[in-house]
Structure formats: C-alpha cells, structure tokens
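In our numbering, the protein residues as written are 881 to 1239.
Think of the CB as a built atom: it goes at the ideal place given N, C-alpha and C, for glycine as much as any other residue.
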C-alpha cells in the first residue's frame, strides 16, 4: 500500500489538541426514553468534565432537549447547544472524522447506516451536513458518503498506522461489495497511512457495533497498545479475548517492531434483564491533558484500570465517570463523544465560544 501520491494526508491521534468535542443530548424519541434521567445525568457529567478544559458542541432537537439541557447550568462560554434532529447519541460514529491534507485540516463525512442497518440512522447520517450548513466548520468537508465508516471502528497513531477490526469493516451490511484488500487500500489512501492492522478476534457479547476497535484496543503514544484484558475463564468473552491478545502480540509497527502491550482489567460481567452488556475500560476519551475513563461501580477493577491508564498516559490526568447507564444501550464514554482537532470549528476564540457564535 502506498500513500496518496497527489497530497500528503495524516490522521491526527486523539491525544492531539482539539477545538472541541461533539455530543448529542438524549431525548424522548431515542432508545433512552426508559432511563432518560440516568442517561442525561451521565452525559451531563461528561460534558461538564470536558468543558473544564475545552469547548463542547451538543446537538439535539431543541423542543425535546432544551428544557432538560438548560437545567444543568453548563458554562455558555464552553458549551454550545445546536438545534438538530437526531436518532440517538452515538457521536463517535456519526461525527465527521478529521484528517490533515498537506497540513490543512479537512473533515471527512462518511455514511453512517446504524451499524450495518441495525437501527434507524437517517437523521444522524445528516448531522455533519447540517452542521456545515449552520456554518459550524471553518474547514472543507469532504464527501465520503460512498463508504460506510464509523469513528469507533478505527484507531490512529497520528502517523502511519490505523488499527481496526475485520468483523466491523468487512460487515456485509456496511461495504459488503468490497474485498478486504480493497477496503484496506481505501483506508490507507484516505487517511494517508501505510500500516493498516486488522484484528480478527475480540467480539464482545452484546456489542451491536460488530467489534468496534474502541471497545477492544487503543493506540497510545510510544508504540503502545492499551487493550481489554481477558478476565476470568468463566467470563463469556474470555476465549475471544485470549485470541485477540495473541493477535496483538503478532502486530508490528511500520518499522517491524512489536508493540508495547498494556493490559486493562476486564470489568466483571454486567447482566441486566438477562442481557450481557459490553462494558470495557478501553472505551475512554483522550483530551490534550486528561483521560476520561468509564467506570462500572466495581471499585477494585475501576481503580486498577485508572492506575494502568496512568502508566500508559503519564502526562494525562485520569478522570473517572460512572458509565453504567450508557452500557444499558450497549455503549460507553468514548462512543458518545467525537473530538474535532484544532482548526476545524468556527466561532471559538481563545478556547471559548465567541458571543456572536452562540445561539
């Protein structure tokens, strides 16, 4: 695989500087209706923590969202609400993905089809277009709607490597007409990389995404991969995670070196109403100075995971947020957020929303 000859592309790592982070507010017309207060409380906590450091955009239909949204008293200098119709709250997967093209940022608008046609996505698939129409972006938007791709399915080291999973990218209801070789070449050219790494194992029970990489393994600085641990042999995910660990040991950097592997604990099985939920500590958000890590009301595992992440990211402060409510809809903290790197968002001046940009 070769990099795009026409221009130099780079897919920034998540730990690089951001303009802001995108989230969506839960409302009555989403699948959160049965635990709406819990879901709002969890997402509100995530917004508050992010807004202590950087700006936030929150989207949702104003008639259904603003009354509850305003009750949380978010800092208007940091948090901006944008009136947009939404199906759900998984900003990681419907949000635009940023690349640099010859040093200038550009947003890629891929097709989002509800994780392989599992759920309604007609409104969420249009969010990037509608944000652009509202003048929220100060960089070009590149139409990639011929290809289904969710942000949670790819991990970047900010240089030459993308880590992903075969189960997701080869899903027949995403890009089923494309071969693995064609998809790999497309990813390499689109993101300017020459090392596309696929995991074939690691599928978690209850995961609707077909094994998004952000629930399993995350690229960290210094040629490190932080991954979801095995748990006990009695855990229903044990066998798949053993196979994934073996695969991770075989991966190589572009220079042919093995990755430094850092194992996170696996949360004890969370089962609600007979359903096993895909909770992992790998689903954390990286901001320039913090790691927002999900917790699951399991003190020993929660504390151990935070200490291990602090080893992998020694320059970041670990901030924990109870994300049990998010697991009820088969996601976690990283899934509800999408970062926009510096230079992408209009209306931000010196780290705050300019007054003229506020609606």
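C-beta atoms of residue i and residue j nearer than 8 Å
i: residue 1164; j: residue 1179; result: no
i: residue 1176; j: residue 1201; result: no
i: residue 898; j: residue 1221; result: yes
i: residue 1095; j: residue 1162; result: yes
i: residue 901; j: residue 932; result: no
i: residue 980; j: residue 944; result: no
i: residue 1172; j: residue 1216; result: no
i: residue 1169; j: residue 1196; result: yes
i: residue 1127; j: residue 1079; result: yes
i: residue 1111; j: residue 1157; result: no
i: residue 1203; j: residue 1189; result: no
i: residue 918; j: residue 1166; result: no
i: residue 1091; j: residue 1076; result: no
i: residue 1208; j: residue 1134; result: no
i: residue 927; j: residue 959; result: yes
i: residue 940; j: residue 905; result: yes
i: residue 1143; j: residue 1038; result: no
8 Å contact criterion, which residue i and residue j should meet: CB distance rounded
i: residue 986; j: residue 1020; result: 5 Å
i: residue 1014; j: residue 962; result: 7 Å
i: residue 1146; j: residue 1109; result: 5 Å
i: residue 1097; j: residue 1193; result: Going by Cβ atoms, the distance from residue 1097 to residue 1193 rounds to 15 Å, so no, they are not a contact pair.
i: residue 1141; j: residue 1129; result: 7 Å
i: residue 1088; j: residue 995; result: 5 Å
i: residue 1025; j: residue 989; result: 6 Å
i: residue 1036; j: residue 1044; result: Between residue 1044 and residue 1036 the Cβ distance is about 10 Å, and since that is not below 8 Å, they are no contact.
i: residue 964; j: residue 936; result: Rounded, the Cβ-Cβ distance is 15 Å, inconsistent with contact.
i: residue 1017; j: residue 991; result: Not a contact, Cβ separation roughly 18 Å.
i: residue 1004; j: residue 911; result: About 12 Å separates the two Cβ atoms, so there is no contact after all.
Residue i burial status per 10 Å Cβ neighbour count (16 or more: buried)
i: residue 973; result: buried
i: residue 1082; result: buried
i: residue 1042; result: buried
i: residue 1102; result: exposed
i: residue 1057; result: exposed
i: residue 1062; result: exposed
i: residue 1229; result: exposed
i: residue 966; result: buried
i: residue 881; result: The predicted model places residue 881 with a pLDDT of 37, which falls under 50 and marks its position as unreliable, so this point remains unresolved.
i: residue 1114; result: exposed
i: residue 1119; result: exposed
i: residue 1030; result: buried
i: residue 1225; result: buried
i: residue 924; result: buried
i: residue 890; result: buried
i: residue 1117; result: buried
i: residue 914; result: exposed
i: residue 976; result: buried
i: residue 1205; result: buried
i: residue 950; result: exposed
i: residue 1121; result: buried
i: residue 997; result: exposed
i: residue 984; result: exposed
i: residue 892; result: buried
i: residue 1055; result: buried
i: residue 1238; result: Only weak support is given to the placement of residue 1238: the predicted model assigns it a pLDDT of 45, under 50, and the question is left unresolved by the model.
i: residue 956; result: exposed
i: residue 1132; result: exposed
i: residue 993; result: buried
i: residue 1152; result: exposed
i: residue 1072; result: buried
i: residue 1231; result: exposed
i: residue 884; result: Caution applies to residue 884, whose pLDDT of 41 falls short of 50 and renders its modelled position unreliable; the value that the coordinates give is listed next. Result: exposed.
i: residue 1105; result: buried
i: residue 1227; result: buried
i: residue 1067; result: buried
i: residue 1181; result: buried
DSSP bridge partner residues for residue i (one or two, in chain order)
i: residue 1221; result: 898
i: residue 1201; result: 1174
i: residue 1017; result: 1225
i: residue 1151; result: 1156
i: residue 1165; result: 1172
i: residue 904; result: 939
i: residue 1144; result: 1108
i: residue 1024; result: 990
i: residue 1232; result: 1229
i: residue 889; result: 981
i: residue 1138; result: 1132
Distance cut-off 7 Å: residue i Cβ against heavy atoms of the ligand FMN
i: residue 1032; result: As for the ligand FMN, it is missing from this structure, which has no ligand bound.
Quiz item: Which ranges does the alpha helix (DSSP H) cover as unbroken runs of at least 4 residues, wholly within the region 922 to 1010, from first to last along the chain?
Solution: 942 to 950, 971 to 974 and 994 to 997
Quiz item: Counting only runs that start and end within the region 1035 to 1118, where is the alpha helix (DSSP H) found for 4 or more residues in a row?
Solution: 1046 to 1049, 1052 to 1055 and 1060 to 1071
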